[in-house]
Each structure stands twice: as C-alpha cells, then as structure tokens.
Amino acid sequence: MSHKKYRQETNCLNCGAEVTGKFCSNCGQENIDTHENFFHLVGHFVSDYLHFDSKFFRSIVPLFVKPGFLTKEFWEGRRVKYIHPLRIFFFVTILFAVSSTLFYKKFGDTIRSGINMSPDLARISDSQLDSLSDRDTLYLGTSKKFVSVKEIGKRKIDDARMVKKLHAGVDLVFVNLKYVTFLLLPIYALIFKILYKRRRNFYVDHLMYTVHLQAFSYCLFGVMFLIPFLLHDSISWLRQICLLILLIYITISLRYLYKQPWWKTILKSLLATWSLIFVTAFVFFLLAFLDAVFVQ
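For the sequence shown, the numbering used here gives the first residue as 20, with consecutive numbering after it.
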C-alpha cells in the first residue's frame, strides 16, 4: 500500500488555520495532497475500510459475549478503538427494522388475531339476530343480564368497529416500533438511575448503558423475528426465550458494572426487566388505544 502524500503548504484547506503537523489542530483534517493518483485513492479507501472494520468487530463482538464491557470502557474514557454507542445503535436499528418489517408482513394477521370481539357477542351470529325481533332478549354473561336484540346488534357494530381500529393501532405501533423504543431510551435510563441512585454515576452514564442494552435487544429480537420463517408455530415460546436471555444479559452486565453481590444484582435485574417491559407495553397499548379512539 502506498504511503500518503502530505502538502508542503501549512494552511488548512478546510478551515484556513495554520497546520503544524500532519493534522490541523483546529478542525482535525489531515493535510494531504488533494490531487492524488489512483493508487493513493485506493490505498486511502482500503486503509479507512480496514480501520472501520477492525473497530466494528472490536465493538460488536463484546456487545454479545461480554455484557457491560463496552459501557465500562465508555465510562472510563477508553473510546477511540470502539465505535461510538450511538453509531452501533443506529446500525443495528437498520437491521432490526428490516427484520421486524418482514416478520409483521408475514405474521401480522396472527398477532392481530389476539384482539377479538367480546366472546359473548362473537357467539351470537348475525343470522341468529335476524331471526329474532328487536324486542326479544338474550342473556349476556359479561353483563350478567338479559339484553334486547336491538341493543346486542348495536353493541356488535360498536365492538367490531373498535376491534378494527385497534388492529389499525397495532399496525401503527409495529411499523413505528424502532422509533417508539428509541424515544423511550431516556425513560429506560431513568429506571437504572433510580435503581442505582446511591451510585455517583451521571444520568448520561446510564443512558449509554441503555443504548448498548437496546442495541443488544434489537439484535436479539431481530433474530427472533426471523426464526418463525424457518420454524413455524415458534412465536410463543421464542418470546419467553428472548425475555430469559434479556434477563440474563442484564444481570451479567449489571454485575460487571456495579460489582454488587449476586443476590442484589439479580433482584435489581428482575425489577429492571419488569420495569422495561411494563413501560414499553404500556406505551404501545396507549398509542394503539389513542390511535383507535381519536384517528378515524
């Protein structure tokens, strides 16, 4: 690989400041000759690619096999040889978005099927209602009383309309899944800040931890979204396995970062995992409900 050709002039081409070495002390641009031959350009490209490639694998591998390691390195200022947490996060987000989109296109009907009309109303067919007069009554277990056929027909229409809206709300939430979870990062960080309020860590330290944790979660659930394409009827048990893996990951990473006794770390991991799931589910259901109620 050919070496770089540096300019003899000492003015920075980017900001105009005086350059005393190979790099501008003001903006950081390298003072190389802009009129390079083909082999110099190829050399720079290969060098930059290998540099990024080494940083990429040096960052991605510990994310999976050494929970908490990247966060600890970031806290202690050892950051140059790793990709910034947000860059890792956005790279993984792209893969997660592709995986989740493919999954929902294939299995969206299965997910929406969990939102159905009230069982009592669903058991009453339209043909059965048509065979009765409006003043006839039928017993509804949910109401624990006899209700007129006219009222039941109205309830069925309202219930079906609400189910349709909720299905549209689920579509909206799942399409925007990556955006919702990204906006929840500050709340996730606040959970860990509360759990470790006696520690002297700044809020941004917990935020960087949640960025790494979210990146791992995106990879984990991204793989989960692809497995049903190979193993049908695996959606239900895959969810439990992923949640268990996430709990183990949180436990090991918190133990590595805070060095607390295992019993205390496990307890806080359980609280953290439950809180993360609760907050995420609550926001998802809230968005789906608001979309169903206020969006026509």
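The C-beta atom is built at its ideal place from N, Cα and C for all residues, glycine as well.
At a Cβ-Cβ threshold of 8 Å, Ile107 and Ala234 count as neighbours. When secondary structure is reduced to three states using DSSP, Phe221 falls in the coil class, being assigned neither helix nor strand. For the 8 Å CB-CB criterion, Lys91 and Tyr275 form a contact.
Contact between Val111 and Ile206 does not hold, since the beta-carbon distance rounds to 20 Å and is not under 8 Å. Every alpha helix (DSSP H) stretch that sits fully inside the region 81-134 and reaches 4 residues is listed by chain position as 88-94, 104-131. 8 Å or more divides the Cβ of Phe42 from the Cβ of Asn33. Taking all protein chains shown into account, Thr129 has fewer than 16 neighbouring C-beta atoms within 10 Å of its C-beta and is therefore exposed. If you ignore the 5 residues before and after Lys100, its C-beta comes within less than 7 Å of the C-beta of Lys74, Arg77, all in its own chain and listed in chain order. In the DSSP assignment, the residues bridged to Ile51 are Tyr25. Per DSSP, Ala36 lies in no alpha helix (DSSP H) and is assigned neither H nor E.
Beta-carbon to beta-carbon, Phe193 and Tyr123 are separated by about 5 Å, close enough to satisfy the 8 Å threshold. Excluding its 5 nearest sequence neighbours in each direction, Ser294 has C-beta neighbours in its own chain below 8 Å: Ile210, listed in chain order.
C-alpha of Tyr25 to C-alpha of Asn45: approximately 18 Å in a straight line.
Straight-line measurement puts the Cα of Arg218 at about 20 Å from the Cα of Thr292. In the DSSP secondary-structure assignment, Asn30 is bridged to Glu37. Of all alpha-carbon atoms in Val223, Pro247, Leu196, the one lying nearest the alpha-carbon of Tyr237 is that of Leu196.
The beta carbon of Phe303 lies closer than 8 Å to those of Val192, Val199 in the same chain, with the five residues before and after it left out. Separation of the CB atoms of Pro104 and Met227 is rounded to 5 Å, and the pair is thereby assigned contact status at 8 Å.
Put simply, the backbone Cα of Leu121 is about 26 Å away from that of Thr229. Per DSSP, Lys197 is one residue of the alpha helix (DSSP H) stretching across 196-202. The alpha-carbon of Pro280 is positioned some 37 Å away from that of Ser118. For Ile264, the closest alpha carbon among the candidates Leu245, Leu250, Ser167, Phe240 is that of Phe240. The C-alpha of His225 lies about 23 Å from the C-alpha of Ile113.
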